[in-house]
Each structure stands twice: as C-alpha cells, then as structure tokens.
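Per this note's numbering, the sequence shown starts with residue 1, numbered consecutively. Have a look at the structure below before the remarks.
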Amino acid sequence: MASSNSGGVKVMNIGGRVMNERERLIGMLDEERAWRARFLKSQHLAPDEPLMSKEYYKHYYNPFRRFYRVPLNAFERLLTPVVGAQSALVIRYCTAKILMGMCAVYGGWYYYNYNTATWMRQSAWRKIQTRPAKIPGTKDYKGLEKPPKPFATFGFENSPI
C-alpha cells in the first residue's frame, strides 16, 4: 500500500466519458454540458496554488532533510523576487547538484592524496609518481644514478620499526 499511487484506493477517472473526444462528438445532454463546464472550471488553479503549508512541508520532509535544506531554501527565497519562482527553483536544484559534485570530487582528491597505500596497509589507492626524464646532454643529466633505496617500497624506509 505504501508504494501505491492512490494509497490503496481504487483509481477513478473523474472526467467520465467526456474525457474522450469521440464520446463528446456523439452529443451531450444539457445536464452533461453543465457537468462538463463545471469540470473544466474545476481544472483551473487559483493564482496562489499549489499551496505549500508549513504542516505539509513538515510532513513531506523529515527533520534531517529540513535541516540540510535550510541554506538553499534561504537562497531560493532571495532569488524568487529577482528571477521568478520557477527559475529560482531550477537554480536552487542545479546549485545543490553542483555542490554535491564538488564535495564528491574534493573528497576523492583528499582520499587519494592523504590515504595512500603503504607497506602496512594495502586497502587504499596506490600513488606512484614517475621520475622526470633525464636525457644525456641536458643540464639535469648527471650520469646513471642509482638511488639508495629500492623501487616501490611504499614507505617502508620511513617506518618507525
């Protein structure tokens, strides 16, 4: 029932037979015309609709979502008089997604730089830096150098052991 669009109640077409154009072409009685006019009039929303009351907002969003939505709700309220309600909502949505993407990128960058794999812990990303090319005849070339430490020690030479 929780996943039902109608909340467990059988869905009913309020348009009746006049929703179908072919049915309307058959002809209507005066009472059907009056009902059709009343139905069409009921489909027009007032300028202030749809309404979002505080109680509806409270029931629709749980306390955690209400808490983290506060900054962007304030941002949207500032933008609404300037660009309009719909544009402010789109800007708010895009701003939220951009901020989430930036947090994911910065989080990945931090994890990559500061949680690299060492010889004691292999569960992180390996960060292997390549040495600059030293070509004979350039000023950086000092002949064949043999580094004092072996290749790919993953920080073993800096261990406190």
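Where a beta carbon is used, it is the ideal one built from N, C-alpha and C, also for glycine. Predicted, not measured: the structure shown is a model, and the values here were computed from it.
Judging by CA-CA distance, which residue of the options is the nearest neighbour of residue i?
i	options	result
R36	V18, M52, S53	V18
K58	K41, R77, R69	R69
T162	T116, G137, K139	With the chain covering only 1 through 161, there is no way to say anything about residue 162.
P50	R22, Q86, E31, G27	Q86
R131	D140, N13, A34, D48	D140
Just to check my reading of the structure: residue i and residue j have Cβ atoms closer than 8 Å, yes? What is that Cβ distance to the nearest angstrom?
i	j	result
K127	Y112	7 Å
G155	W109	Wrong, their Cβ atoms sit about 20 Å apart, outside the cutoff.
F39	G15	7 Å
A88	L79	4 Å
To which residues does DSSP link residue i through a beta bridge?
i	result
W125	T116
Checking contacts by CB at 9 Å: is residue i closer than that to chain D?
i	result
W119	As a matter of chain content, chain D is missing from the structure shown, which is built from one protein chain.
Segment contact, 8 Å Cβ cut-off, at least three pairs: the region 60-68 with the region 29-48: no
Three-pair Cβ contact test at 8 Å for the region 86-94 versus the region 69-78: yes
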